[in-house]
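Novice:
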Amino acid sequence: DSGVTQTPKHLITATGQRVTLRCSPRSGDLSVYWYQQSLDQGLQFLIHYYNGEERAKGNILERFSAQQFPDLHSELNLSSLELGDSALYFCASSYGTGLFPPEQYFGPGTRLTVT
Amino acid sequence: GQQLNQSPQSMFIQEGEDVSMNCTSSSIFNTWLWYKQEPGEGPVLLIALYKAGELTSNGRLTAQFGITRKDSFLNISASIPSDVGIYFCAGQNQGGKLIFGQGTELSVKP
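So the sequence lines, in the order shown, correspond to chains S and B.
For the first sequence, the numbering used here gives the first residue as 2, with consecutive numbering after it.
For the second sequence, the numbering used here gives the first residue as 2, with consecutive numbering after it.
(1) Could you check if B/K37 is buried or exposed, using at least 16 other CB atoms within 10 Å of its CB as the buried criterion?
(2) Just tell me which of B/Y51, B/G104, B/I14, B/S80 has its CA closest to the CA of B/L62.
(3) What is the residue span of the beta strand (DSSP E) that B/T32 lies within?
(4) Just list the beta strand (DSSP E) runs in the segment 23–85 of chain S, keeping only unbroken ones of 3 residues or longer that don't cross its boundaries, in chain order.
(5) If we define contact as Cβ-Cβ less than 8 Å, is S/A15 a contact residue for chain B?
(6) With contact counted as at least three CB pairs below 8 Å, one residue from each stretch, are the segment 24–37 of chain B and the segment 67–80 of chain B in contact?
(7) Exposed or buried, which one is B/I100 when buried takes at least 16 other CB atoms within 10 Å?
(8) Against chain S, which members of the segment 17–50 of chain B pass a CB distance test of less than 9 Å?
(9) Could you please give the first and the last residue of the uninterrupted beta strand (DSSP E) stretch that includes B/S108?
(10) So, helix, strand or coil for B/D72, using DSSP?
(11) Which residues in the same chain as S/A15 place their Cβ atom closer than 8 Å to its Cβ, once the five residues preceding and following it in sequence are excluded?
(12) Measure the beta-carbon distance from B/I29 to B/Q95 and round it to whole angstroms, keeping in mind my assumption that it falls under 8 Å.
(13) Could you give the DSSP three-state label for B/S130: helix, strand or coil?
(14) Which word fits S/I48, buried or exposed, when buried means at least 16 other C-beta atoms lie within 10 angstroms of its C-beta?
(15) Counting only Cβ pairs nearer than 9 Å, list the residues of chain S close to B/K98.
(16) Just to check my reading of the structure: S/C44 and S/Y51 have Cβ atoms closer than 8 Å, yes? What is that Cβ distance to the nearest angstrom?
(17) Which of the three DSSP states is assigned to B/A53 in this structure?
(18) Counting only Cβ pairs nearer than 8 Å, list the residues of chain S close to B/Q3.
(19) Taking the beta strand (DSSP E) that S/A93 belongs to, which residues open and close that run?
(20) Which chain S residues sit within Cβ distance under 8 Å of B/F74?
(21) Compare the beta carbon distance of S/S32 and S/T111 with 8 Å and say whether it is the shorter of the two.
(22) Between which two residues does the beta strand (DSSP E) harbouring B/Q7 extend?
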C-alpha cells in the first residue's frame, strides 16, 4: 500500500458526460501528479500540482482540468468525454516539488470506461 | 521531447531464469527509478538510483545507473511466478521532470 488513495476504483459513463476523479496523496506529500494509461500506451503525464499550485502540464487535453485543494487532495475533471478517453487514470504523490527526492508513489488508479 | 527506449518490450521466461532489461536515451538523467505494475494496480517503486555508476539491490533485483547517465538496467535473478508484471524505468531529467519508458512486460512460466 503506497498510502495514495484514489476514488472511485471503476467508473462507467457515456460519451459527452463529465466525471471527477479524486486523489489523496500520502501523508506529508505536497505534490500530486496525474497520469493516463491507455492499453497501447505507457504512462502519459497529464499535470503536476505542488501545494495547491500548478507546476507543470503534460499532454493534457483542454477538456480535462485539475486542481489541488488546501487539504492537498486533488481532483481531475474530465468533460465532454469521448470513447478514446477510456483508460486507467493514476495519481501519484511526492514529498517536495519533484526535484529531490524525485520518487513518486502511485495510487491504485481509476479505470474509466466511456460507452 | 525526451524519450526513453526501454527493451525488450516483452519477455517470456521459465521460472528460475535470470532476467535483464534496460532503458536508454540520448539525454542525460539525474536519477533513475524502476517500477513494477501488476494487472489492475498502480506502479510500485522498486529501486531508485541517484549517482552515475551506482549499483543497488533489492532482494533478487539489481539495478545500475549507467556511467554515461544515459542508461540504466534492471536484473532479476532466479525469477518466480510472482515476478509477472510490467516493469517501467523512469528517468528524472535536468528540469526535474520524470520521463517514463514504455515498459517491459514479463511473463514467467512455472
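Glycine included, every Cβ here is placed at the ideal spot set by N, Cα and C.
Note that the coordinates shown come from a computational prediction; the quantities given were computed from them, not determined experimentally.
Specialist: If we stick to the structure as given:
(1) Classification of B/K37: buried, given that the 10 Å Cβ count is 16 or more.
(2) B/S80
(3) 32–38
(4) 32–38, 44–51, 54–58, 65–69, 75–79
(5) no
(6) The answer is yes - the segment 67–80 of chain B touches the segment 24–37 of chain B, with three or more Cβ pairs under 8 Å.
(7) buried
(8) From the segment 17–50 of chain B, only N31, T32, L34, Y36, Q38, G41, E42, G43, P44, V45, L46, A49 have a Cβ closer than 9 Å to chain S.
(9) 105–110
(10) Residue state, collapsed to three classes: strand.
(11) So the list reads L82, V115, T116, once near-sequence residues are dropped.
(12) Contact holds; Cβ gap of about 7 Å.
(13) The requested residue 130 of chain B is not part of the displayed model; chain B covers only 2 to 111.
(14) buried
(15) F46, H49, A57, G59, G99
(16) Looking at the sequence itself, residue 44 of chain S is Leu, so the reference to Cys does not match. The Cβ separation is near 19 Å, so there is no contact.
(17) coil
(18) Within chain S, no residue comes near B/Q3; the closest Cβ sits about 12 Å away, beyond 8 Å.
(19) 88–95
(20) Here the premise fails: no neighbours, minimum Cβ distance about 18 Å.
(21) no
(22) It spans 6–8 - the beta strand (DSSP E) in which B/Q7 sits, taken as one unbroken run.
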